[in-house]
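Keeping their order, the protein sequence lines are chains A and B.
Mapping to this note's numbering: the first sequence position 54 is 54, numbers consecutive.
Mapping to this note's numbering: the second sequence position 92 is 295, numbers consecutive.
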Amino acid sequence: MFAAIFALLTSSLARLAPLAEPLPPDLLRRFHDGDATVLAALFKQHAPRAVALMRRKLPSIDAEAAVQEAFVNLLSGAEQRRRFTGGSFAAFLCTLAHRRGIDAWRREQRYVDETAAAEPIDDESRVDDRLAARELLEKFWQRSVPPAQKEYFRARFIEQQTQVEAADQLQIRRSTLATWEKRLTERLRRAVVSGEIAFVAQG
Amino acid sequence: MHGLARWLIVRHFTARQPFCGGLPAPLFRAVRRHIDQCAGCREFYARHIDWESLLPDATDRAGGRLLREALARTPEQRAAEQRGWLWGSSLAAVATAALVVLLLRPAPNPSGLQARGGAAISQIELLTRVAPDRPWSVADAPITATSELSFRLDNAEHFPWLLLIIVDSGRQVHFLYPARPGEPPLAIGDRALGAMLPDAFSPALVPGPFTTLALFSREPIQVDEVEQLIKQHGLAAALELLGGRGRAQRIAGLWQAPVVADGGRPWAVPDEGHP
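Written out as structure tokens, the structure reads:
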């Protein structure tokens, strides 16, 4: 168990580390000026993390909608942009999306866990997210991955290696791996959509 | 209705190209309106979000999709929506478009370059050969250090300029087009589909994974500017920033065996586990 967590922390989570780094001053200035290129690049990089944080409060579709609405407001709202002075852009997006998302959810008269809604959003949930994903992928690996492709699936999907790294490690041509990956991706999609494997509902 | 909505949801999530793939904004909004009313399709959509989070490049993939969707929510797009894009007309548009695509589907491309995400986009393909008298082949396996590199081009979007650099596993940047700062990128004009670029390269790369960065643009972007962006923000962030000025493409490869430095002007690239 600890080995799995350690492997997780040193592989896929390590790639998330730069998300919390402060924005360089010149990018921050362009962000405050409303430079659409910078806004779009920042959103593309940080939105998935912001959505993952918001999923602690709302179902995934509504979490995505709340974060996207926050971005649309940022595009036209100079005042809101100036409120961001650095730090984690994902957390900033969440702060903007939080109240708006919860309010919209209430307006639609759906159930809101008020205790959960009031909890501060932090970045600690990343380990939980990745562990849940890893558990699901392990299950799929055992049940549905063809024997010849098991090693590749583990390297690419579970250990999050690049295709180049996996090709080098397994000594298999990348064109072959690309074909495998396409088929495995579709097979995984069917398994998730059919409910054969599923995330355990939170809360 | 549910069948069509679900077919569109699958297309939306399986598109790989961040800006050209996925559903057009009006269709996406039509699907969103439908899933707000239909619990079954809402669940179907949510499961695709779960599936996406399990993929190797989940963050990159989800980021592109979320941005595309967010842009579809802007007031400008909504104004267009109010001009009468209703579900029925979207349905008719999709049926017509599907028919047109089926009828007008082009013959297979002999160059081997495939339009990604179902759209005709400008792209390059990395080629390699082990000796000058040997044929070029697509670089889909580790490349030995004595090999030559070249590129095949499909300029489907008619960009006039192409900038090409390689970042090796030592975080060193090698300029291909232009070869030196101060010079313009390569003027590619309307080169035919599958055209080879004029030069073969024997770069002195540090062994290990390397990345080729291609930037198609309408204006000649200075390589010094690209250099500064990569120095300051790393390759991934620079790529994001440059992507807004044209079409950026990155190709990963693996360079084998040690090489001798060629006295070029490489410099260190900050952060990121791999180039």
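In this text, a Cβ means the ideal position worked out from N, Cα and C, and glycines have one as well.
DSSP, read as helix, strand or coil, puts Gly456 of chain B in strand. In this structure the stretch 382-389 of chain B does not touch the stretch 436-443 of chain B; the number of beta carbon pairs closer than 8 Å is below three.
Cβ contact annotation for Phe31 of chain A (same chain, cutoff 8 Å, sequence separation greater than five): Leu23, Val38, Leu39, Leu42, Arg81, Phe84, in chain order. Look at the stretch 441-452 of chain B: the residues with a C-beta under 8 Å from a C-beta of chain A are Glu443, Leu444, Gly446, Gly447, Arg448. Using a Cβ-Cβ cut-off of 7 Å, Phe92 of chain A is close to nothing in chain B; its nearest Cβ partner there is about 15 Å away. Secondary structure remark: continuous alpha helix (DSSP H) runs of at least 4 residues inside the stretch 22-57 of chain A, in chain order: 25-32, 36-54. Using a C-beta cut-off of 8 Å, the stretch 211-220 of chain B makes no contact with the stretch 151-158 of chain A, since fewer than three inter-stretch Cβ pairs fall below that distance. A check of alpha carbon separations from Gln149 of chain A across A:Arg134, A:Ala166, A:Ala133 identifies A:Ala166 as the nearest.
A straight line joining the alpha-carbon of Leu58 of chain A with that of Glu246 of chain B spans about 14 Å.
When DSSP reads this structure, Thr217 of chain B sits in no beta bridge, so it has no partner.
Looking at the backbone, the Cα of Ala455 of chain B and that of Leu93 of chain A are separated by about 31 Å. Neighbourhood of Thr262 of chain B in chain A, by CB distance below 7 Å: Pro48, in chain order.
Put simply, the CB of His215 of chain B is far from chain A, with every gap to its CB atoms at 8 Å or more. Not flagged as an interface residue toward chain A: Phe231 of chain B, since no C-beta distance is shorter than 8 Å. Residue pairing of Ala417 of chain B in beta bridges, as defined by DSSP: B:Leu367, B:Gln452. Residue contact with chain B for Glu64 of chain A: present (Cβ-Cβ distance below 8 Å to some residue of chain B).
Any Cβ of chain B closer than 8 Å to the Cβ of Lys139 of chain A would place that residue at the interface, and such an atom is absent.
In its chain, beyond the 5 residues on either side, Ser350 have a beta carbon closer than 6 Å to the beta carbon of Val333 of chain B.
Looking at the backbone, the Cα of Ala273 of chain B and that of Ala265 of chain B are separated by about 12 Å. Taking all protein chains in view, the Cβ of Gln452 of chain B is crowded by 16 or more other Cβ atoms within 10 Å, so the residue is classified as buried. Ala398 of chain B has B:Leu356 as its beta-bridge partners, per DSSP. By the rule that beta-carbons nearer than 8 Å mark a contact, Asp168 of chain A touches chain B. Bridge pairing for Leu330 of chain B: B:Val341, B:Ser353 [DSSP]. DSSP places Gly437 of chain B within a helical segment (H, G or I) once states are collapsed to three.
Across the structure, Gln45 of chain A and Asp336 of chain B are spaced so that their CA atoms are roughly 44 Å apart.
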